[in-house]
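**Student:** Before I ask anything, let me first share the structure, which is written out below as C-alpha cells.
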Amino acid sequence: MDYSSNKSSRWALPVILVCFFVILLSNNVVFASHKVFIHLQSQNAVNVHTVHRTGYHFQPEKHWINDPNAPMYFNGVYHLFYQYNPNGSVWGNIVWAHSVSKDLINWINLEPAIYPSKPFDQFGTWSGSATILPGNKPVILYTGIIDANQTQVQNYAIPANLSDPYLREWIKPDNNPLIIADESINKTKFRDPTTAWMGKDGHWRIVMGSLRKHSRGLAIMYRSKDFMKWVKAKHPLHSTNGTGNWECPDFYPVSSKGTDGLDQYGEEHKYVLKNSMDLTRFEYYTLGKYDTKKDRYVPDPDSVDSLKGLRLDYGNFYASKSFYDPSKNRRVIWGWSNESDIFPEDDNAKGWAGIQLIPRKVWLDPSGKQLVQWPVEELETLRTQKVQLSNKKMNNGEKIEVTGITPAQADVEVTFSFASLDKAESFDPKWNDMYAQDVCGLKGADVQGGLGPFGLATLATENLEENTPVFFRVFKAHQNYKVLLCSDAKRSTLKFNETMYKASFAGFVDVDLADKKLSLRSLIDNSVIETFGAGGKTCITSRVYPTLAINDEAHLFAFNNGTEPVTIESLDAWSMGKAKIQY
C-alpha cells in the first residue's frame with residue numbers, strides 16, 4: 001500500500017511521508033490530505049508511552065506499523081509479516097518485519113525479512129502475499145519501488161533455510177523483478193500481489209491492484225507455468241468504474257455450507273473479491289462467480305459493486321489480507337488499524353503508531369449474500385475473570401454497570417431482547433441515499449428513540465462525560481425493518497482539537513428480528529474497540545483516546561435510551577490478559 005511520494009531506500013532514507021488527516025465529507029467518502037514529515041521519519045523512540053497502548057492486540061515494541069503482509073501457516077508455525085519503520089513512529093524507512101506464533105495471539109518478533117537493498121526494490125519494499133508451492137516451499141511476492149518516480153515492479157523472495165522452523169532469513173534472487181508493467185498499466189498504481197492460485201490448466205494466477213483513467217479500479221491478472229515467467233492476461237480479473245485505485249486485493253473461494261475455509265479455486269464455489277479503496281480508506285468486497293475458462297470474476301446481481309457495497313469492517317480497518325489455515329481448515333483475515341488521535345507528532349511523542357487487529361475467521365453467511373467474521377477461537381485463552389448478567393430489564397434512560405472485570409481490557413458478549421417492534425422509529429426515505437455512518441451521526445446514542453438506541457457504553461467515565469457507545473437502533477422501513485449498528489466516538493475523549501477524528505462509524509445489519517433479539521460482541525483494549533454485530537454479520541472498529549476513562553478508571557455500562565424496554569437476556573464479560581509478545 002502506498003504512503004509515499006518520494007524516494008526511499010534501505011532502512012533510513014529521505015522518504016516523504018503521506019500522513020492521512022482524515023476528513024469526513026457529507027457523502028461519507030473519507031479523503032486524505034497530504035503532509036510531509038521527513039523530520040520525524042528517523043526519530044527513534046526514546047520513551048514508549050503505555051497509555052492507550054493495547055494489551056492483547058499485536059504491535060511491536062515501538063514505532064510505526066501498517067499493512068499485514070503474507071500471513072501463512074507453515075510447518076506448525078504462523079507467520080505474520082508487516083510494513084514497519086524500524087527508525088521512527090511515522091511512515092517511512094519501510095521494511096518487512098517478521099513475527100511468528102503457535103496460536104495467532106502470542107508472538108515472537110524476529111529480524112526483518114525483507115528490506116530495500118537491490119536495484120529492483122531500493123526505493124521501497126511494499127506489500128505482498130505468500131504462496132506455498134508444490135514440495136511445501138513458501139515464496140513471497142511483493143511490490144518493489146525502483147526509482148524516485150515510484151515505478152512499481154513485482155518481486156519474489158524465498159527462505160534461505162527451509163529447515164529453520166521460523167524461516168528467519170529470506171533471499172531475494174537476482175532474477176527479480178518477475179513482473180514489469182507494460183505501457184497499458186499505470187506504473188505508479190501497480191502493487192500488492194495476491195496469493196497465487198493454480199488453475200485446472202496447471203498455470204499459476206495472481207492479481208495486482210491498479211487504476212485506469214483516474215477513476216476505474218481494477219485487478220490486473222498475470223499467469224505463469226513455472227512461477228518465474230509471468231504473462232499479463234488480456235483482461236483484468238475485474239474492474240469497476242468510479243472506485244479509484246485498488247490496493248491490497250484479495251481473491252478467494254468460500255464454501256456454500258458451513259464455516260470451513262477453502263483453498264481450491266473450482267468454478268463450483270462462490271468467490272470473494274476484496275479491495276482496499278485508496279479513495280475512501282475503507283475495505284469493500286463483493287460475492288460472485290469465477291469463470292475459470294475466461295478468468296473473469298462476475299459479482300452476483302445483488303452484490304453491490306460500488307462504494308455503496310459491503311465492507312469487511314465499517315470502521316478503522318484497512319489493508320487486510322487473508323490466508324487459508326490448513327491446521328484448522330479455516331480462512332483467517334488480518335486487518336490493520338491506524339492511529340486517529342491528532343498529529344503525527346502525537347505518535348512520535350508516544351513512540352508507536354498502528355496495531356494489527358485480532359485475526360478473524362471468515363466464512364459465507366447461510367444466506368449467500370454476505371460474509372461473517374468472528375475473532376479466532378485462540379483469543380479466548382486470554383480470558384480471565386468472568387462476570388455474568390441475565391434477565392436484566394432496562395427502561396428508557398436506564399443503564400446497568402458491568403463490574404468485576406477490567407473494563408479497559410475486556411471481551412464482552414451480550415444478547416438483548418425486546419417484547420415488541422411496534423415502537424421502532426420510521427426510516428426516513430431520504431436516508432436511502434445516505435451511508436449508515438451519516439444516519440448514525442443524526443441518530444446518536446444520546447438521541448432518544450423508540451426501539452433503541454441500546455447497547456454498551458465502553459471506555460466510559462462514571463458519569464459518561466467520556467464514553468464510546470456501541471449500540472443498535474431499529475427502524476421501520478416501508479416493507480421491513482432496518483437495524484443500524486453504531487460505534488460512536490464523538491464523546492470518546494475530552495481531549496479536543498478540531499482536526500481530531502472522532503467518527504460515528506456505522507453499518508446496517510441484515511438480520512431476522514422474528515425472535516426479537518440482537519447480539520453484540522465487543523473486544524475492548526485500551527484504545528481500540530472491535531465490535532461484531534449479530535454474530536459477526538456487521539463489524540466495526542473504532543480507535544479512541546480517553547483522558548479519564550483509562551486503566552482502572554474505565555467503566556463499562558449496558559444502556560437503553562429508547563422508549564421500548566430492553567432486556568439483557570445474557571451478558572458474559574471477561575477481563576483479558578496480555579498477549580505474550582517477545583521483542
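Mapping of the sequence shown onto full-length UniProt numbering: residues 1 to 583, in sequence order. Glycine included, each C-beta is placed from N, C-alpha and C at the ideal position.
Excluding the 5 residues preceding and the 5 following GLY441 in the sequence, name in chain order all residues of the same chain whose CB lies nearer than 7 Å to its CB.
**Tutor:** Counting only Cβ-Cβ distances below 7 Å, and skipping sequence neighbours, we find SER504.
**Student:** Measuring only the C-alpha atoms, how far is LEU571 from GLU530?
**Tutor:** LEU571 and GLU530: Cα-Cα distance of roughly 17 Å.
**Student:** Check the Cβ-Cβ distances between LEU279 and every residue of chain D, and say whether any is below 8 Å.
**Tutor:** Looking for chain D here will not work: only one protein chain is present.
**Student:** Does DSSP put GLN479 in a helix, a strand or coil?
**Tutor:** DSSP places GLN479 in coil when its eight states are reduced to three.
**Student:** Report the three-state DSSP secondary structure of SER26 (helix, strand or coil).
**Tutor:** Any reading at SER26 must be qualified, since the residue scores a pLDDT of 35, below 50, and its modelled position is unreliable; no value is offered.
**Student:** Are at least three pairs of beta-carbons, each pair with one atom in the segment 194-212 and one in the segment 163-177, less than 8 Å apart?
**Tutor:** Too few Cβ pairs lie closer than 8 Å, so no.
**Student:** When you compare the segment 90-100 with the segment 444-453, are there three or more beta-carbon pairs, one atom per stretch, that lie closer than 8 Å?
**Tutor:** The segment 90-100, when compared against the segment 444-453, does not touch it at the 8 Å Cβ threshold.
**Student:** Let me confirm a value: GLU466 is counted as buried when at least 16 other C-beta atoms fall within 10 Å, else exposed. Which label applies?
**Tutor:** GLU466 is buried by the Cβ-count criterion.
**Student:** Who are the near neighbours of THR286 in its chain, counting only those whose CB is closer than 8 Å to its CB and skipping five residues on each side?
**Tutor:** Hits under 8 Å: VAL272, LEU273, PRO299, ASP300, SER303, VAL304, ASP305, GLY309 and LEU310.
**Student:** Taking DSSP as the reference, what is the three-state secondary structure of TRP91?
**Tutor:** Of the three classes helix, strand and coil, the one that applies to TRP91 here is coil, per DSSP.
**Student:** Jot down the residue ranges of each uninterrupted beta strand (DSSP E) in the segment 346-378, minimum 3 residues, whole runs only, in chain order.
**Tutor:** DSSP runs (the beta strand (DSSP E)) wholly in the segment 346-378: 360-364 and 371-375.
**Student:** Which residues does DSSP list as the beta-bridge partners of GLN409?
**Tutor:** According to DSSP, GLN409 bridges with ASP525.
**Student:** How long is the line joining the alpha carbons of VAL414 and SER492, rounded to whole angstroms?
**Tutor:** VAL414 and SER492: Cα-Cα distance of roughly 21 Å.
**Student:** Among ASP103, TRP91, VAL100 and PRO134, which one has its Cα closest to the Cα of GLY124?
**Tutor:** GLY124 has its Cα closest to that of TRP91, out of ASP103, TRP91, VAL100 and PRO134.
**Student:** Going along the chain, which unbroken runs of the beta strand (DSSP E) with 3 or more residues stay wholly within the segment 419-456?
**Tutor:** Listed in chain order, nothing qualifies, since the segment 419-456 has no complete beta strand (DSSP E) run of 3 or more residues.
**Student:** Would you tell me roughly how many angstroms separate the C-alpha atoms of ILE581 and ASN109, rounded to the nearest one?
**Tutor:** Using only the alpha carbons, I get a separation of about 7 Å.
**Student:** Between the Cα of ARG331 and the Cα atoms of GLU380, ASP313 and LEU371, which residue gives the shortest distance?
**Tutor:** Checked all of GLU380, ASP313 and LEU371; the closest Cα to ARG331 is LEU371.
**Student:** Which value, in whole angstroms, describes the spacing of the CA atoms of ASN85 and GLU111?
**Tutor:** About 13 Å.
**Student:** If the criterion is Cβ atoms closer than 8 Å, does the pair VAL362 and LEU104 meet it?
**Tutor:** Result no, Cβ atoms of VAL362 and LEU104 do not sit closer than 8 Å.
**Student:** Rounded to whole angstroms, what is the Cα-Cα separation between ASN348 and SER527?
**Tutor:** Cα to Cα, ASN348 sits roughly 17 Å from SER527.
**Student:** Since PHE454 and VAL566 are thought to touch, with beta carbons under 8 Å apart, how far apart are those beta carbons, to the nearest angstrom?
**Tutor:** With a Cβ gap of about 5 Å, PHE454 and VAL566 count as contacting.
**Student:** Excluding sequence positions up to five away, which residues of its chain have a Cβ less than 6 Å from the Cβ of GLY577?
**Tutor:** LEU382 and THR384, listed in sequence order.
**Student:** Please name the residue in ARG296, GLU267, SER367 and PRO177 whose C-alpha comes closest to that of LYS257.
**Tutor:** Answer by Cα proximity: SER367.
**Student:** When the Cα atoms are used, what is the spatial distance from TYR78 to LYS137?
**Tutor:** Rounded to the nearest angstrom, the two C-alpha atoms are 15 Å apart.
**Student:** How long is the line joining the alpha carbons of TRP336 and ASP411, rounded to whole angstroms?
**Tutor:** Going by the C-alpha atoms only, they are around 19 Å apart.
**Student:** Quick check on THR563: does DSSP put it in helix, strand or coil?
**Tutor:** Coil at THR563, not helix or strand.
**Student:** Got a sec? Which residues, its chain only, sit under 7 Å from ARG543 by beta carbon, not counting five neighbours each side?
**Tutor:** Same-chain partners within the cutoff: ASN316, SER337, GLU339, SER340, SER527 and VAL528.
**Student:** Look at the alpha carbon of HIS269 and the alpha carbon of THR563, and state the distance between them as a whole number of angstroms.
**Tutor:** Distance between the alpha carbons of HIS269 and THR563: 46 Å.
**Student:** May I ask you to verify whether the segment 275-292 touches the segment 228-235, counting CB pairs closer than 8 Å and requiring at least 3?
**Tutor:** Touching, no.
**Student:** Name the DSSP beta bridge partners of ARG296, please?
**Tutor:** DSSP output for ARG296 lists ASP291 as bridge partner(s).
**Student:** Report the three-state DSSP secondary structure of ASN551 (helix, strand or coil).
**Tutor:** Three-state DSSP puts ASN551 in a helix.
**Student:** Which of the three DSSP states is assigned to residue 584 in this structure?
**Tutor:** Limits of the chain in this structure are 1 at one end and 583 at the other, which puts residue 584 out of reach.
**Student:** Helix, strand or coil: which one does DSSP assign to LEU80?
**Tutor:** Note: LEU80 maps to strand in three-state DSSP.
**Student:** Just to confirm the assignment, what range does the beta strand (DSSP E) spanning ARG331 have?
**Tutor:** Here the beta strand (DSSP E) through ARG331 covers 330-337.
**Student:** Determine the DSSP secondary structure at ASN161, reduced to helix, strand or coil.
**Tutor:** If DSSP states are grouped into helix, strand and coil, ASN161 belongs with coil.
**Student:** According to the neighbour-count rule (16 or more other Cβ atoms, all chains shown, within 10 Å of its Cβ), is PRO119 buried or exposed?
**Tutor:** Answer is exposed; the Cβ neighbour count stays below 16.
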